[in-house]
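Chains A and B are the protein sequences, given in the same order.
Going by my numbering, the first sequence opens with residue 1, and the numbers climb by one from there.
Going by my numbering, the second sequence opens with residue 1001, and the numbers climb by one from there.
The beta carbon of each residue, even a glycine, is placed where N, CA and C say it ideally should be.
Quick caveat, the model's predicted, so the values are computed rather than measured.
Single-structure report; data block below.
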Amino acid sequence: MEKLLFELTRLGIVPVRLTNENEVYLEVSPADFKPACLALHKLLRSTVMLMFAEDRRSSEGTFTIRAGFIGTKQRRWFFVEQKVPGPAFGSIAKEIYSANLFEREIKEMFGLEPEGNPDGRRLRLHDEVWSGGYPLRKDFESAVSGPIGNYPFMPVEGEGVFEVPVGPVHAGIIGPGHFRFSVAGEPIINLESRFGFTHRGVEKMLEGRDAASAAKLSECVAGDAAFSHSLAYCRGVERACGIAVPTRGDYLRGIFLELERLYNHVADVGTIALDVGFSFPAAEASVIKENLQALNAELTGSRFLKHINLPGGVSRDLDQASVKNLLAQTAAATRDFRRLREILYASVSFLDRVETTGALSKKLAEDLGVIGLAGRASGVKLDLREVFPGVYDGLKVVFREKGDVLARLEVRLDEFEESVRQIERLAARLPEGAIAGDEVTVGSGQALGWAESWRGPVLYWLRFTDGKLERAKIVDPSFHNWTGLSAAVLDNIVPDFPVCNKSFNLSYAGNDL
Amino acid sequence: MSVFDKVIAARLARGIVTRPIEYEKSGAELKDLVAAKFSRSFFIREVDTGSCGACESEIISATNPLYDLQRFGISFVASPRHADAMLVTGPVSKNMVLALKKTYDAMPEPKLVISAGDCALNGGVFKSSYYIAGGVNAILPVTLHIPGCPPTPLTLVKALLSLIKRRC
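As structure tokens, this is what we get:
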């Protein structure tokens, strides 16, 4: 921390405020924004975890743009903040690639031009249907009329190069996205993905809502990570408004978060096998997943662990019988899961298909800002449960170095075991007491809320004014990691794309918001 | 014993795991109906027009060995050209309107549209958004809506079976 402060002082940047225990905000002039970001990026070895704009024209006369980094040693979040009167701001994407998508997002949602960003294309408001208008501006009412355009894909040219367009409607039962493969012979030489097909305008819809109804909506951002999203959201509310959560509530949240990880990891292990045509373990996995989701329903009334989180705690308690049931069933699931693991490792042809397939090197993962599960499979050892332990104790962060499909599979296999261990630990130490605060008053304030979902860090930056949400920035790890998939599939053959895709299993909805 | 033998032995020891469904009794009858009216197979093409992914997860679960939708002759197919029905989930995001119409056009006649999940009915929680074109029935003629957020595999199986019964 001292070295960091020294470096920032040397650059003429001094931390101006520390809020919510561990959020450091550096208010800088637009000219200092890039040097400050570069300094943090280098010193913290952190990717841009989130970057977003806020329309503060009515109160301060300008837009505010913040770039957030994580200090894993310092156990703090660092935000560089600049005021932008408009209509442009200096891009940092050429120096820090992980800012690229965020800058494009700011451009299409706020109409602020990232000067120097080489890619000016829209992400979610498709040129073919959206004629104009900046939805996240406070004075936005509806789309302005005007001519519609076309989306220019990056052309790949040369002898024998052809394009394979896939989607948005895919062959499987899966979300919509468009993938354009440029292929020369068998290997993929470029993959360009286009998303936004499930764009629902969640961030705009959250504005003006009260804390409780926004919690409900946060569960619909990414359905398979409903609990993580509502947890990150609720933590944001609690930190912004100084709401305390009873210890029992925190422990229960820990248990439910791991339950979400369990059913998703099992499902992915199965689908990875399925996508190389190995259907027997896939069927086994789907039975385990079903049992775990049935357990979720028994414990909480929801197969997807919805309607549990609320600002100030949780709404579902586990009595002794439930805890017993929980432990018995997770133990049974573990037994089944270990057998599934054995089946996979017993098949040489399966291992042959997943080993070295879709490899993403650590260097590339770091440069692209790949985080979460996919990051850990490439050796990027970031796990928010370790950085901000809370109820976790002695968490073993699972990681691999090779970054191939097998590595991502193995991270899941080991994380499953670790999650079960954590559930057992949390259940054994479950303290007595209330599960939620009695009187929860949501006033004004701003804060970042987070949760390490099974995919990776889910972040919610929130500003409340008099109990109403004024701005909510949501970042699902999918937003960071889709770029990683595009890099991982290069030099692989098109028929291996499904298994590469499944090994990342990123959310379309979480990315598109 | 090989690993596979062990697993199969364990499964056999546990017995049949398929969840009983109220329609189970009439399963044979339904199978006959599907056989007669849909040449032994009722094929569904699934389309996500903006769902959060929970509906997809439950639809996939409906095909797992516990619910085993396929045993009634109902299965999900990769192409709309093979499909008797389209199962649509999610509110219809403006970006998906064209793809949804094109998928429908690619299906051979006669064809049915089924919507699943609260969002698909009228936009659900996303109803008032600037980027939602509406529920599925704002774009295509919907024969059956399956409620739920998301509908459970059991609800899905029952609803699909009731549809086939009703139509035949």
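For residue i, three-class secondary structure by DSSP
| i | result |
| --- | --- |
| G242 (chain A) | coil |
| T1089 (chain B) | strand |
| D393 (chain A) | coil |
| V16 (chain A) | coil |
| L513 (chain A) | coil |
| Y134 (chain A) | coil |
| V169 (chain A) | coil |
| Q74 (chain A) | coil |
| K83 (chain A) | strand |
| S59 (chain A) | coil |
| H1082 (chain B) | helix |
| R122 (chain A) | coil |
| G208 (chain A) | coil |
| H307 (chain A) | coil |
| A1159 (chain B) | helix |
| G175 (chain A) | coil |
| T465 (chain A) | strand |
| N1095 (chain B) | helix |
| I493 (chain A) | strand |
| R66 (chain A) | strand |
| G254 (chain A) | helix |
| H199 (chain A) | coil |
| P1108 (chain B) | coil |
| S361 (chain A) | coil |
| V354 (chain A) | helix |
| R1166 (chain B) | helix |
| Y460 (chain A) | strand |
| L26 (chain A) | strand |
For residue j and residue i, believed in contact at Cβ under 8 Å, the rounded distance
| i | j | result |
| --- | --- | --- |
| P477 (chain A) | G358 (chain A) | Not quite, the Cβ-Cβ distance comes to about 17 Å (not below 8 Å), so this is no contact. |
| K468 (chain A) | R235 (chain A) | At roughly 19 Å, the Cβ-Cβ gap does not stay under 8 Å, so K468 (chain A) and R235 (chain A) are not in contact. |
| P176 (chain A) | M1096 (chain B) | 6 Å |
| A93 (chain A) | E81 (chain A) | With 8 Å as the limit, A93 (chain A) and E81 (chain A) do not qualify as a contact, their Cβ atoms being about 18 Å apart. |
| F504 (chain A) | G484 (chain A) | 7 Å |
| I173 (chain A) | E1046 (chain B) | 5 Å |
is_contact[residue i, chain A] using C-beta, thresh 8 Å
| i | result |
| --- | --- |
| N1122 (chain B) | no |
| P1091 (chain B) | yes |
| N1095 (chain B) | yes |
| I1060 (chain B) | yes |
| N1064 (chain B) | yes |
| F1043 (chain B) | no |
| F1072 (chain B) | no |
| V1125 (chain B) | yes |
| I1132 (chain B) | yes |
| V1007 (chain B) | yes |
| G1053 (chain B) | yes |
| F1038 (chain B) | no |
| A1099 (chain B) | yes |
| A1138 (chain B) | no |
| A1078 (chain B) | yes |
Boundaries of the alpha helix (DSSP H) in which residue i is found, first to last residue
| i | result |
| --- | --- |
| W482 (chain A) | P477 to A488 |
| Q293 (chain A) | S279 to T300 |
| N100 (chain A) | N100 to F110 |
| P498 (chain A) | F497 to F504 |
| H41 (chain A) | P30 to L44 |
| N1122 (chain B) | D1118 to N1122 |
| Y345 (chain A) | Q320 to A346 |
| F416 (chain A) | V405 to A428 |
| I1146 (chain B) | From DSSP, I1146 (chain B) is part of no alpha helix (DSSP H) but of the beta strand (DSSP E) over L1144 to I1146. |
| G185 (chain A) | That residue, G185 (chain A), is in no alpha helix (DSSP H); it is neither H nor E in DSSP. |
Extent of the continuous beta strand (DSSP E) run through residue i
| i | result |
| --- | --- |
| E163 (chain A) | V161 to V166 |
| G449 (chain A) | G445 to E452 |
| V1047 (chain B) | F1042 to D1048 |
| A1133 (chain B) | I1132 to G1134 |
Chain C contact for residue i (CB, 8 Å cutoff)
| i | result |
| --- | --- |
| S1162 (chain B) | Absent here is chain C; the protein component of the structure consists of chains A and B. |
Within-8 Å CB hit, residue i to chain B
| i | result |
| --- | --- |
| T198 (chain A) | yes |
| R209 (chain A) | no |
| P147 (chain A) | no |
| K473 (chain A) | no |
| S193 (chain A) | no |
| A215 (chain A) | no |
| D224 (chain A) | yes |
Residue i CB to nearest heavy atom of the ligand GTP below 7 Å
| i | result |
| --- | --- |
| V156 (chain A) | Only the bare structure without any ligand can be found here, which leaves the ligand GTP out of the picture. |
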